[in-house]
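The structure appears right after this line, and notes come after that.
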Amino acid sequence: MGHWESAGLPDDFTGSVRLFPLPNLVLFPHVIQALHIFEPRYCEMLTEALESDHLITMALLTPGWEQDFQGKPTIGDVVCIGRIISHTPTDDGRHNILLAGVSRARILRELDVPTSFRQAHVELIEEYIPKEFEPNIEEYRARLLSIFRAMIPEDAANSKTFGDILTQQLPLGILTDIIAYAVNLPPDVKQSLLGEPNIIARYELLMTQLNPDSAEELPLLKASSQYPSARRGSEFPPRFSDN
1 MGHWESAGLP DDFTGSVRLF PLPNLVLFPH VIQALHIFEP RYCEMLTEAL ESDHLITMAL
61 LTPGWEQDFQ GKPTIGDVVC IGRIISHTPT DDGRHNILLA GVSRARILRE LDVPTSFRQA
121 HVELIEEYIP KEFEPNIEEY RARLLSIFRA MIPEDAANSK TFGDILTQQL PLGILTDIIA
181 YAVNLPPDVK QSLLGEPNII ARYELLMTQL NPDSAEELPL LKASSQYPSA RRGSEFPPRF
241 SDN
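In structure tokens form, the structure reads like this:
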């Protein structure tokens with residue numbers, strides 16, 4: 001399995017997931033997110049995950065979540081299932097974990113459960129490339145990498161993390177996910193990127209964020225100006241995210 005490939009889901013995965021909603025974090029497949037867990041309900045969630053399948057599913061809280069944060073505020077219907085790959089408890093009962101993104105999924109319904117954390121039944125989302133675009137994939141990869149390379153500070157570009165992204169022959173789908181996660185885009189834009197199973201459409205949306213001037217060159221030409229472009233200088237990898 002390559003460095004950027006997901007570990008996959010357990011063979012007995014039933015579609016039931018533990019939800020970890022946060023307001024400003026969108027997890028993507030093929031990336032690793034550091035999380036600092038301290039709320040009792042999410043410590044309970046972590047304990048259950050560690051004792052079973054090691055899966056936690058990240059969801060994005062939608063605007064207005066502050067009014068019902070301790071209850072069940074609205075979340076995006078597309079989520080990312082993650083696998084715990086590292087766990088370090090602290091002396092004060094908190095936890096630092098690393099969560100590796102495994103798969104996109106769509107919430108079908110939330111479950112009525114006795115746990116303090118939310119759970120849902122989901123269906124996995126399979127990404128795809130329309131056949132008519134397959135001959136041009138290498139061209140799209142090169143364009144995306146060129147734009148991304150220009151955004152990276154020189155010292156960061158020489159790091160192993162960025163070096164792997166820039167030099168490995170990553171499939172276009174994985175590349176769009178890694179770059180969408182790495183750059184500083186608004187959460188709603190990242191949620192749209194997570195929710196797009198058509199890799200070419202996802203590539204186009206990402207390109208319009210990284211370089212709005214590229215819109216007229218895109219194959220599907222469905223660019224939109226409703227989102228601001230990416231801001232340079234975002235930190236990668238992101239720091240620990242607090243719940």
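For what it's worth, the working numbering labels the leading residue of the sequence shown as 1, then goes sequentially.
For glycine and all other residues, C-beta sits at the position ideal for the given N, C-alpha and C.
Quantities reported herein were computed from a predicted structural model and do not represent experimental measurements.
The beta strand (DSSP E) enclosing residue i, as first and last residue numbers
i    : result
T88  : 78-89
I179 : Element bounds for I179: not the beta strand (DSSP E) but the alpha helix (DSSP H), 172-182.
V122 : 119-124
L99  : 95-110
F20  : 16-22
First and last residue of the uninterrupted alpha helix (DSSP H) at residue i
i    : result
R202 : 199-210
I147 : 137-151
K190 : 187-194
Anticipated Cβ contact below 8 Å, residue i with residue j, distance rounded
i    : j    : result
F148 : I200 : Contact doesn't hold; Cβ gap of about 17 Å is too wide.
L144 : I179 : 7 Å
L61  : L22  : 6 Å
Check: residue i C-beta below 7 Å from any heavy atom of the ligand COA
i    : result
E123 : In terms of ligand content, the structure shown is empty, and the ligand COA therefore cannot be addressed.
Pairwise C-alpha distance: residue j and residue i
i    : j    : result
L210 : R106 : 26 Å
S225 : P63  : Because the pLDDT at S225 is just 38, under 50, the model does not fix this residue reliably, and the point stays unresolved.
P130 : T208 : 20 Å
L194 : F28  : 7 Å
G15  : A100 : 18 Å
V183 : I152 : 9 Å
H54  : R83  : 6 Å
E39  : M45  : 10 Å
S52  : D12  : 12 Å
F236 : Q169 : Bear in mind that a pLDDT of 41 at F236, under 50, signals an unreliable position, so the number given afterwards is only what the model happens to contain. For F236 and Q169, the distance between alpha carbons rounds to 20 Å.
P187 : V113 : 28 Å
D91  : Q119 : 28 Å
Pair within 8 Å by beta-carbon distance, residue i and residue j
i    : j    : result
T57  : V79  : yes
L246 : A34  : The displayed coordinates of the chain run from 1 to 243. Any statement about residue 246 would go beyond what the structure contains.
L288 : F117 : With the chain represented from 1 up to 243, any question about residue 288 goes unanswered, as that position is not in the structure.
R94  : I37  : yes
L25  : S103 : no
E123 : P197 : no
V17  : I85  : no
Y203 : L172 : yes
Below-8 Å beta-carbon distance, residue i vs any chain B residue
i   : result
I37 : Of the chains in the structure shown, none is chain B; there is only one protein chain.
Restricting to runs no shorter than 4 residues, where is the alpha helix (DSSP H) found entirely within the stretch 37-72? 40-50
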